[in-house]
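K.L.:
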Amino acid sequence: MNRFALPLALFALLVVVLGVGIRHARNQGVIVSPLIGRSAPGFALPSLTDAQHTLSSKDLKGRWYLLNVWGTWCVACREEHAMLIEAAHAGVIPIIGLDWKDEDDRALEWLSQLGNPYQAIAVDHDGRTAIDWGVYGAPESFLVNAQGIVVYKLVGPLTRESWTQEILPRLPHTPVTGS
Amino acid sequence: MRGRRIWASALIALLIIPAAHGIDATRIADPALEARYLALTHELRCMQCQNESIADSPVGLASDLRRQVRDMLLAGKTDEDVRNYMVSRYGEFILFRPRFSARNAWLWLAPLVFLAIGALVAVRVLRQRSALLAAEPDSPDFDEP
Numbered sequence: 006m007n008r009f010a011l012p013l014a015l016f017a018l019l020v021v022v023l024g025v026g027i028r029h030a031r032n033q034g035v036i037v038s039p040l041i042g043r044s045a046p047g048f049a050l051p052s053l054t055d056a057q058h059t060l061s062s063k064d065l066k067g068r069w070y071l072l073n074v075w076g077t078w079c080v081a082c083r084e085e086h087a088m089l090i091e092a093a094h095a096g097v098i099p100i101i102g103l104d105w106k107d108e109d110d111r112a113l114e115w116l117s118q119l120g121n122p123y124q125a126i127a128v129d130h131d132g133r134t135a136i137d138w139g140v141y142g143a144p145e146s147f148l149v150n151a152q153g154i155v156v157y158k159l160v161g162p163l164t165r166e167s168w169t170q171e172i173l174p175r176l177p178h179t180p181v182t183g184s
Numbered sequence: 011m012r013g014r015r016i017w018a019s020a021l022i023a024l025l026i027i028p029a030a031h032g033i034d035a036t037r038i039a040d041p042a043l044e045a046r047y048l049a050l051t052h053e054l055r056c057m058q059c060q061n062e063s064i065a066d067s068p069v070g071l072a073s074d075l076r077r078q079v080r081d082m083l084l085a086g087k088t089d090e091d092v093r094n095y096m097v098s099r100y101g102e103f104i105l106f107r108p109r110f111s112a113r114n115a116w117l118w119l120a121p122l123v124f125l126a127i128g129a130l131v132a133v134r135v136l137r138q139r140s141a142l143l144a145a146e147p148d149s150p151d152f153d154e155p
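If you read the protein sequences in the order shown, they are chains R and D.
Taking my numbering, the leading residue of the first sequence gets 6, the next gets one more, and so forth.
Taking my numbering, the leading residue of the second sequence gets 11, the next gets one more, and so forth.
1) Looking at the unbroken alpha helix (DSSP H) that takes in residue 78(R), where does it start and where does it end?
2) Within 9 Å (strictly less), CB to CB, does residue 184(R) reach chain D?
3) Is residue 135(R) close to chain D? Criterion is C-beta to C-beta, closer than 9 Å.
4) Leaving aside the five residues before and after residue 112(R) along the sequence, list all residues of the same chain whose C-beta is less than 7 Å from its C-beta, in chain order.
5) Kindly indicate which residue of 18(R), 156(R) and 150(R) has the alpha-carbon position closest to the one of residue 69(R).
6) Strictly under 9 Å for the Cβ-Cβ distance: is residue 44(R) near chain D by that measure?
7) Residues in its own chain within less than 7 Å of residue 29(D) by CB, not counting five upstream and five downstream?
8) If residue 38(D) and residue 80(D) are in contact, beta carbons under 8 Å, what's the gap, nearest whole angstrom?
9) Taking just the CA atoms, how far does residue 152(R) sit from residue 45(R)?
10) Using 9 Å as the limit for Cβ to Cβ distance, is residue 153(R) near chain D?
11) So within the stretch 43-97 of chain R, which uninterrupted beta strand (DSSP E) runs reach at least 3 residues, ignoring any that extend past its ends?
12) For a quick check, are the C-beta atoms of residue 147(R) and residue 65(R) less than 9 Å apart?
13) What's the call for residue 51(D), buried or exposed, on a 16-neighbour Cβ count within 10 Å?
14) Excluding the 5 residues flanking residue 104(D) on each side, which residues of the same chain have their C-beta closer than 7 Å to its C-beta?
15) Does any residue of chain D bring its CB to less than 9 Å from the CB of residue 106(R)?
16) Under 9 Å, do residue 160(R) and residue 36(R) count as touching if we go by C-beta distance?
17) So, is residue 123(D) buried or exposed, given that buried needs 16 or more other C-beta atoms within 10 angstroms?
18) Taking 9 Å as the CB-CB limit, is residue 40(R) close to chain D?
19) Run down chain D in chain order and give the residues with a C-beta less than 8 Å from the C-beta of residue 141(R).
20) Please confirm whether residue 161(R) has its beta-carbon closer than 9 Å to some beta-carbon of chain D.
Written as structure tokens, this is what we have:
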């Protein structure tokens, strides 16, 4: 009996360690952003709709916003666009677009065809701002609070599920949603 | 004959050089900076194609990250500055070689722990065997030659 006690205990320990590993592996694809709980990186970029105008992170100070990183080359962005429009209609939080490594003409055409959910759109042609935000794929959405702190990052398309379960509950005054 | 050989080596060189620099065509004039650039781009993960370094990946984000590394080095930043910048944006995951931290200490120490366990087991087994041999020198279990 005693002979087996130690190997059995070691085996039980291994099961626990591997079990914990498997549990954590469920969220393997999503990399938690180190920006959460920190100040959102600043930017000053041309506006898509008005090239003369510079859209700066300073303009966004003092209010909550959802920064949505997108591009016309991004298939999943087309997928989430209807949900973005719906979210914009809800009027609970301004959606700011970050048009990432895109062509202005195409982006404008996209918006005229599919509708424009964005209150303002910053154009990041060379992708430097996206790197500052730790963007590694589109679409990605960052929820930023009135103090300019990143509260939440959504990797992948915004869905009704992520909107009602992840975004809305984090807003200061959670409105009642009829979905 | 000699001319042929020169042509052949020139051709080989032409074939090899682009292959070696197929993904990343970046050159930095200062060889010391160039060496640091190459080392850094090989130890940073391409976040889109997660098992490649940014030096080996052809995707757009990898080339943007390489540009970021180059710009930071040219601006006089240290290697650690570059790593810290990347980790503060993308998290520890961007480093192929994770740093030692309280969270992953057990992982770094695990080999030592296993080595210690192995050593203990080996010592015990050896002691038992020598005790057995001392007790029964003419054990019938041993085959005669």
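Backbone N, C-alpha and C define an ideal beta-carbon position, used for all residues, glycine too.
All values reported here derive from a predicted model rather than from experimental measurement.
P.N.:
In terms of the structure at hand:
1) Note, residue 78(R): premise wrong, no alpha helix (DSSP H); not H, not E.
2) Only weak support is given to the placement of residue 184(R): the predicted model assigns it a pLDDT of 40, under 50, and the question is left unresolved by the model.
3) yes
4) Same-chain partners within the cutoff: 53, 77 and 104.
5) 150(R)
6) no
7) Note that residue 29(D) scores 46 on pLDDT, short of 50, meaning its location in the model is unreliable; the coordinates nonetheless yield the value given after this. Cβ within range, chain order: n/a, list empty.
8) 7 Å
9) 9 Å
10) Chain D, which has no Cβ nearer than 9 Å to the Cβ of residue 153(R), makes this no.
11) 49-51, 59-61 and 70-75
12) no
13) Buried is the label assigned to residue 51(D), since at least 16 other Cβ atoms lie within 10 Å of its Cβ.
14) 54, 55, 57, 96 and 97
15) yes
16) yes
17) Flag for residue 123(D) reads exposed.
18) Chain D, which has a Cβ nearer than 9 Å to the Cβ of residue 40(R), makes this yes.
19) 57, 58, 71 and 100
20) For residue 161(R), the answer is no, since every Cβ of chain D falls outside 9 Å of its Cβ.
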